[in-house]
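Peer 1: One structure, pasted below without further comment.
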Amino acid sequence: MSTDDISLNDNQYLTFVLEDELFALNIGSVREVLELTSITKVPRTPGFIRGVINLRGRAVPVVDLRMKFGMGETRRTVNTCIIIVEVELDGESTVLGALADSVQEVYEMESSQIEPPPRMGTRIKSEFITGMGKSGDRFIVILDINKVFSADELNLAADAVGMSGTMERREGTADAGV
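Per the working numbering, the sequence shown runs over residues 83 to 260.
As structure tokens, then:
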């Protein structure tokens, strides 16, 4: 991958909808987008952890971003999908699925087009937000996926798939199976 490719990725965002609001994630944290599949519920997990899916033989926790952000549960429609993301926390990498009402497009925005996050006026904590972009007359809330979940929440997600001990052992190793 060339330096140009890396800088291009920094300007590309996957846009998606949660409760009629437009959100985006830097494309570098997105592994893939899946159609909604069967999610196996896991007992005694927080409500926003919906369960696990089988992703090519590996159990991956699935979180409901709408519930995490206080928007209510994601409803199953033909457009509902799972965005597979890689989250970094304290040097550890965790793969998880995030439910979205729909995925829109990969959108390119220069840093000059991105405004700082608002200090108020959004139901999402401002520390979760990298900035605000625009698409036509709509604002795009650009999320920092690495700040959306706390270490405790990521550990709960790992526990949901029985990986709490293996996450630490895998730290710094490549997992080519995903």
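For glycine and all other residues, C-beta sits at the position ideal for the given N, C-alpha and C.
Quick check: residue 163 and residue 118, are their CB atoms within less than 7 Å of each other?
Peer 2: Stepping through the sequence shown from its first residue, residue 163 is reached at position 81. Stepping through the sequence shown from its first residue, residue 118 is reached at position 36. In contact: residue 163 and residue 118 (Cβ atoms closer than 7 Å).
Peer 1: Indicate, with yes or no, if the ligand NAP has a heavy atom lying under 6 Å from the CB of residue 178.
Peer 2: The ligand NAP is not part of the structure shown, which contains no ligands of any sort.
Peer 1: Within the continuous beta strand (DSSP E) that includes residue 148, where are the two ends?
Peer 2: Taking the sequence shown and counting its residues from 1, one reaches residue 148 at position 66. Note, residue 148: premise wrong, no beta strand (DSSP E); alpha helix (DSSP H) at 147-150.
Peer 1: To test your reading of the DSSP string, which unbroken alpha helix (DSSP H) runs of 4 or more residues are found completely within the segment 114-190?
Peer 2: Those alpha helix (DSSP H) runs which fall completely within the segment 114-190 and span 4+ residues are 147-150.
Peer 1: Can you list, in chain order, the residues of its chain whose CB lies under 8 Å from that of residue 113, leaving out five sequence neighbours each side?
Peer 2: Here residue 113 corresponds to residue number 31 of the sequence shown, with the count starting at 1. Cβ within range, chain order: 166, 167, 168, 177, 260.
Peer 1: Rounded to whole angstroms, what's the CA-CA distance from residue 180 to residue 223? Just pull it up for me.
Peer 2: For the purposes of this step, residue 180 is taken as residue 98 along the sequence shown, with counting starting at 1. For the purposes of this step, residue 223 is taken as residue 141 along the sequence shown, with counting starting at 1. Whole-angstrom Cα-Cα distance: 16 Å.
Peer 1: Considering only C-alpha positions, which residue in the set 184, 140, 216 is nearest to residue 199?
Peer 2: Within the sequence shown, numbered from 1, the residue matching residue 199 stands at position 117. Answer by Cα proximity: 216.
Peer 1: Taking only the alpha-carbon atoms, compute the straight-line gap between residue 228 and residue 157 and give it to the nearest angstrom.
Peer 2: Position 146 of the sequence shown, counted from the first residue, corresponds to residue 228. Position 75 of the sequence shown, counted from the first residue, corresponds to residue 157. Straight-line Cα distance between these residues: approximately 25 Å.
Peer 1: DSSP three-state call for residue 110: helix, strand or coil?
Peer 2: Walking along the sequence shown from the start, residue 110 turns up at place 28. The answer is helix: DSSP assigns residue 110 an H, G or I state.
Peer 1: Give a yes or no on whether the C-beta atoms belonging to residue 131 and residue 239 are separated by under 7 Å.
Peer 2: As a first step, residue 131 is located in the sequence shown; it is residue number 49 there, counting from the start. As a first step, residue 239 is located in the sequence shown; it is residue number 157 there, counting from the start. For residue 131 and residue 239, yes; Cβs fall inside 7 Å.
Peer 1: Going by C-alpha to C-alpha distance, which of 115, 195, 220, 125 sits closest to residue 182?
Peer 2: The residue given as residue 182 occupies position 100 in the sequence shown. Ranking 115, 195, 220, 125 by Cα distance to residue 182 puts 115 first.
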